[in-house]
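Following the working numbering, the numbering of the sequence shown begins with 23 at its first residue and continues without gaps.
To keep things clear, I will list the structure first and then write my remarks on it.
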Amino acid sequence: MTDAIRQFPAVSPDAGVIRQVLADAPELMVVSFSFEEAAQDALHSHPHGQSTFVESGRFRFHLDGEELEVVPGDSFVIPSNATHGCIRLAPGRLLDCFTPRRDDFLQVRPPARARPSPSADHRAYARSGAGDRAG
Numbered sequence: 023m024t025d026a027i028r029q030f031p032a033v034s035p036d037a038g039v040i041r042q043v044l045a046d047a048p049e050l051m052v053v054s055f056s057f058e059e060a061a062q063d064a065l066h067s068h069p070h071g072q073s074t075f076v077e078s079g080r081f082r083f084h085l086d087g088e089e090l091e092v093v094p095g096d097s098f099v100i101p102s103n104a105t106h107g108c109i110r111l112a113p114g115r116l117l118d119c120f121t122p123r124r125d126d127f128l129q130v131r132p133p134a135r136a137r138p139s140p141s142a143d144h145r146a147y148a149r150s151g152a153g154d155r156a157g
């Protein structure tokens with residue numbers, strides 16, 4: 023049973039973001055994301071279903087064209103292939119569950135993500151300075 027408890031390294035996939043896998047199995051993965059000052063998660067999508075729990079901090083999520091502001095204790099589901107991302111309003115930590123697991127997160131050095139050119143919607147969202155309006 024000791025094989026069931028594994029330690030995963032913390033990695034920084036983007037400036038101000040620390041990601042650490044907490045547990046994984048082929049059908050499920052639990053991941054911690056810590057966001058420091060001025061950190062954000064660019065708009066993206068993936069085939070994995072995702073549930074997010076806000077442990078600390080404040081975040082504004084962009085989810086398929088809508089905005090959602092979340093605080094500690096909030097949780098929500100991001101459907102498979104939904105375009106989403108977040109801006110940190112106050113430093114904090116998110117706990118995400120993915121199904122199936124994100125095999126790309128098991129690599130010590132995550133691969134550089136090739137991102138398509140941002141859409142007009144994403145450029146407007148980023149220019150809005152929403153992450154600077156903490157209050």
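Glycine included, every Cβ here is placed at the ideal spot set by N, Cα and C.
Assuming residue i and residue j form a contact by the criterion Cβ under 8 Å, report the distance between their Cβ atoms to the nearest whole angstrom.
| i | j | result |
| --- | --- | --- |
| Q62 | I109 | 5 Å |
| L44 | S54 | 6 Å |
In three-state terms, what does DSSP make of residue i?
| i | result |
| --- | --- |
| F57 | strand |
| D46 | strand |
| D126 | helix |
| A104 | coil |
| R28 | coil |
| G153 | Unreliable placement is indicated for G153, whose pLDDT of 44 sits below 50; no coordinate value is reported for it. |
Who does residue i pair with in a DSSP beta bridge?
| i | result |
| --- | --- |
| R82 | E91, I109 |
| R41 | V33, F55 |
| D118 | V53, T74 |
| S97 | F75 |
| H66 | H106 |
Classify residue i: buried if its beta carbon has 16 or more other beta carbons within 10 angstroms, exposed otherwise.
| i | result |
| --- | --- |
| S56 | buried |
| V99 | exposed |
| G87 | exposed |
| Q72 | buried |
| G95 | exposed |
| G157 | Its pLDDT being 38, under 50, G157 is placed unreliably by the model, and the measurement read from it follows with that caveat. Its Cβ having fewer than 16 others within 10 Å, G157 is exposed. |
| D126 | exposed |
| L111 | buried |
| L50 | exposed |
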